[in-house]
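Student: Quick mapping for you: the protein sequence lines, in order, are chains R and U. The first sequence: position 114 = 114 (the numbering used here), numbered continuously. The second sequence: position 10 = 10 (the numbering used here), numbered continuously. Glycine residues also receive a C-beta, built at the ideal position from the N, C-alpha and C atoms. This one's a predicted model, so the numbers in the text were calculated from it and none came from an experiment. Starting off with a structure, shown below.
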Amino acid sequence: GAVVSQHPSRVICKSGTSVKIECRSLDFQATTMFWYRQFPKQSLMLMATSNEGSKATYEQGVEKDKFLINHASLTLSTLTVTSAHPEDSSFYICSAMHGTVHTGELFFGEGSRLTVL
Amino acid sequence: SQKIEQNSEALNIQEGKTATLTCNYTNYSPAYLQWYRQDPGRGPVFLLLIRENEKEKRKERLKVTFDTTLKQSLFHITASQPADSATYLCALGRDSNYQLIWGAGTKLIIKP
Numbered sequence: 001g002a003v004v005s006q007h008p009s010r011v012i013c014k015s016g017t018s019v020k021i022e023c024r025s026l027d028f029q030a031t032t033m034f035w036y037r038q039f040p041k042q043s044l045m046l047m048a049t050s051n052e053g054s055k056a057t058y059e060q061g062v063e064k065d066k067f068l069i070n071h072a073s074l075t076l077s078t079l080t081v082t083s084a085h086p087e088d089s090s091f092y093i094c095s096a097m098h099g100t101v102h103t104g105e106l107f108f109g110e111g112s113r114l115t116v117l
Numbered sequence: 001s002q003k004i005e006q007n008s009e010a011l012n013i014q015e016g017k018t019a020t021l022t023c024n025y026t027n028y029s030p031a032y033l034q035w036y037r038q039d040p041g042r043g044p045v046f047l048l049l050i051r052e053n054e055k056e057k058r059k060e061r062l063k064v065t066f067d068t069t070l071k072q073s074l075f076h077i078t079a080s081q082p083a084d085s086a087t088y089l090c091a092l093g094r095d096s097n098y099q100l101i102w103g104a105g106t107k108l109i110i111k112p
């Protein structure tokens, strides 16, 4: 099946620094990618929808200046957590749609565990 | 508001038995429902999709039912194995966009 690669899988940073997470579709082109945040034992929370060549669409309550999303190519989307603080520590997951909306299958990256000290 | 409920307590099943997980939803009319498997520290993996006009879908040892009147989906794993132990998430979507609404998942533990 389609493969989505996410990097890094784990990152520890100091408070105030910025962290970039990459999401790549390895064997297909993804015009749309999604970024999620997941807290322990909770559901996936959609943060934003990333569209190739245009601005990302952010969900209500998600600060676009805090979580910068860039989708510069059909195979790469990046999420940058700017001026990270301990409350930003979480599991961040990207996904990409392969096929049409009628098949609806999402392929997920392996996730990135961010720990802000 | 839209709400998806999955059993928050872990489900313990003896190896070889059938595991049944439940997904209930309210205030939403999905065009399709999906089930994903998620292992600790990993991203979800797609398992099955069932559309609103389908009652049942099967894939190997997996079976999903979808009752739009009850607003419920049941996810069955037959002949369960310890390797089936994971958290299973249900997600609902509409054809109008790619976005899904997610349940919090049920942790399944298959005991040898």
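Quick check: what's the CA-CA separation for R/Ser77 versus R/Ile21?
Tutor: Taking the straight line from one Cα to the other gives about 9 Å.
Student: Is the distance from the Cβ of U/Thr20 to the Cβ of U/His76 below 7 Å?
Tutor: Going by C-beta atoms, U/Thr20 is nearer than 7 Å to U/His76.
Student: Taking R/Ser50 as part of the beta strand (DSSP E), name the residues at either end of that continuous run.
Tutor: Per DSSP, R/Ser50 belongs to the beta strand (DSSP E) from Met45 to Asn51.
Student: Excluding the 5 residues preceding and the 5 following U/Gln2 in the sequence, name in chain order all residues of the same chain whose CB lies nearer than 6 Å to its CB.
Tutor: Excluding sequence neighbours, U/Gln2 sits near Asn27, Tyr28 and Ile101.
Student: When the cut-off is 7 Å and only beta carbons count, does R/Gln60 lie next to chain U?
Tutor: Not one chain U Cβ lies under 7 Å of R/Gln60.
Student: Establish whether the CB of R/Gln150 and some CB of chain U are separated by less than 7 Å.
Tutor: With chain R running from 1 to 117 in the structure shown, residue 150 of chain R is simply not present.
Student: Which partner residues does R/Val62 have in the DSSP bridge list?
Tutor: Beta-bridge pairing links R/Val62 to no other residue.
Student: Would you call R/His85 buried or exposed, if buried means 16 or more other Cβ atoms sit within 10 Å of its Cβ?
Tutor: By the neighbour-count rule (16 or more Cβ atoms within 10 Å), R/His85 is not buried but exposed.
Student: Step through the CB atoms of chain R and report whether any lies within less than 7 Å of the CB of U/Arg58.
Tutor: No, no contact with chain R.
Student: Hey, R/Leu114 and R/Ser89: beta-carbon distance below 7 Å or not?
Tutor: The answer is yes: Cβ separation under 7 Å.
Student: Could you tell me the alpha carbon to alpha carbon distance between U/Ala83 and U/Ile110, rounded to whole angstroms?
Tutor: Each residue's alpha carbon lies about 8 Å from the other.
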